[in-house]
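Okay, structure first, notes after.
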Amino acid sequence: MVTIKTPEEIEAMKPACRHAADTLVMIEPYIKAGITTDDLNDLVHEFTLKAGGIPAPLNYHGFPKSVCTSVNHVVCHGIPSNKKLSDGDIINVDVTTILDGWHGDTSKTFFVGEPKVRARKVVDVAKKALEIGISIVRPGATLGDIGHAIQTYVEGERCSVVREYCGHGIGRVFHEDPQVLHYGKPGTGLELKTGMVFTIEPMVNVGKAAVKLLGDRWTVVTRDKSLSAQFEHTLVVTETGCEILTVPSS
Ligand code: MF3
Ligand code: CO
Ligand code: CO
Numbered sequence: 001m002v003t004i005k006t007p008e009e010i011e012a013m014k015p016a017c018r019h020a021a022d023t024l025v026m027i028e029p030y031i032k033a034g035i036t037t038d039d040l041n042d043l044v045h046e047f048t049l050k051a052g053g054i055p056a057p058l059n060y061h062g063f064p065k066s067v068c069t070s071v072n073h074v075v076c077h078g079i080p081s082n083k084k085l086s087d088g089d090i091i092n093v094d095v096t097t098i099l100d101g102w103h104g105d106t107s108k109t110f111f112v113g114e115p116k117v118r119a120r121k122v123v124d125v126a127k128k129a130l131e132i133g134i135s136i137v138r139p140g141a142t143l144g145d146i147g148h149a150i151q152t153y154v155e156g157e158r159c160s161v162v163r164e165y166c167g168h169g170i171g172r173v174f175h176e177d178p179q180v181l182h183y184g185k186p187g188t189g190l191e192l193k194t195g196m197v198f199t200i201e202p203m204v205n206v207g208k209a210a211v212k213l214l215g216d217r218w219t220v221v222t223r224d225k226s227l228s229a230q231f232e233h234t235l236v237v238t239e240t241g242c243e244i245l246t247v248p249s250s
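Counting with my numbering, you get residues 1 to 250 for the letters of the sequence shown.
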C-alpha cells in the first residue's frame, strides 16, 4: 500500500532527512587514504547520537553497523571494517537517520584522492542518473517513466543499471511501498500523486549489470568486479514536481 503523506507529516520528516544529508557533509573531509570504513562508521554513529537520532542501519534485519560503506566494485550494503581506503578508490556512504520516529535516507559516492578515468565516469553517470530520475517526478508521471529515463541515460553512456535493488517509499518505516525500479517502460506502473515520499537511488556499473551477494549475506558486488557507483535522495511529490528532502542545513 502506497501512503500519501500530509503536509504536517512531510514537515515532520524534514529534520531526519536534513540530518542524513548533513552527515554526508560532515563525513566528506574524512574520506582520505588511510582511514578505515570502521572509522567512518564511528563518525556517523556519534554524529547521529549527538543529534538525538538513531542510525537506522544498525541491527536492521541484522545489519551490524550504523552506515553502509561500499568501496569500488561493492554495489551496496558494504559493511564497515578495518580495511583502509586507498588513493583512487571510490566509496559510497549511505546514511539513514531516524529522528523523532521518521527516516531520512541519502547516499553519495566519493573519490579517495584523484580518480582514474573509469572511476570518474561511473560516478558522474550515477550522479546524473539520479538527477534525471528526479527531473521526471511530478503528479501524473509514473514509476515506469522514472525507471525508463534512468535506464535510457545510463545505457546510452555504456554503463549498466543494477536490477536487484531499488528505491523505496519511506517515512516512519525504512522501506515501504512503492518499489522504485531504476529501469522500466514509460507509462507503466504506479502513477505519482502529491504527497508520496520515496527514494531514488540508482546503482550504476561500469561493466555488466549482474551482481552477487557475498557470504556475509549483506555485501553486494558486481559479478565482473567492475566499479559501481550510487547516489540517493529522499523526495516528496509536490503539485508542480518534487522537493528533495535530503538537503543539508547550510
Ligand atoms: N540505505 C539503504 C537504502 O538505501 C538500505 C540499507 S539497509 C542496511 O535503502 F541494513 F544495509 F543498512
Ligand atoms: Co540508503
Ligand atoms: Co534507500
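From the three backbone atoms N, C-alpha and C, an ideal C-beta is built for every residue, glycine too.
Asked, Found
"Our contact map puts GLY241 next to SER226 with C-beta atoms below 8 Å; I'd like the distance itself, whole angstroms only.", "With a Cβ gap of about 34 Å, GLY241 and SER226 do not count as contacting."
"Less than 8 Å between the C-beta atoms of ALA56 and PHE174, yes or no?", "yes"
"Could you tell me the alpha carbon to alpha carbon distance between ALA141 and HIS19, rounded to whole angstroms?", "29 Å"
"Do CYS68 and HIS77 have their C-beta atoms within less than 8 Å of each other?", "yes"
"Locate the alpha helix (DSSP H) running through ASP224, then write down its first and last residues.", "Looking at the DSSP string, ASP224 is not in any alpha helix (DSSP H), and its letter there is neither H nor E."
"Here's the rule I'm using: 16 or more other beta-carbon atoms within 10 Å means buried, otherwise exposed. How should SER70 be labelled?", "buried"
"Starting from SER135, follow the alpha helix (DSSP H) in both directions and report where the run begins and ends.", "117-136"
"Since TYR183 contacts ILE150 with CB under 8 Å, what's their CB separation in whole angstroms?", "7 Å"
"Quick check: what's the CA-CA separation for VAL211 versus THR238?", "34 Å"
"Pick out whichever of SER66, PHE198, VAL197, GLY171 has its Cα sitting closest to the Cα of VAL95.", "SER66"
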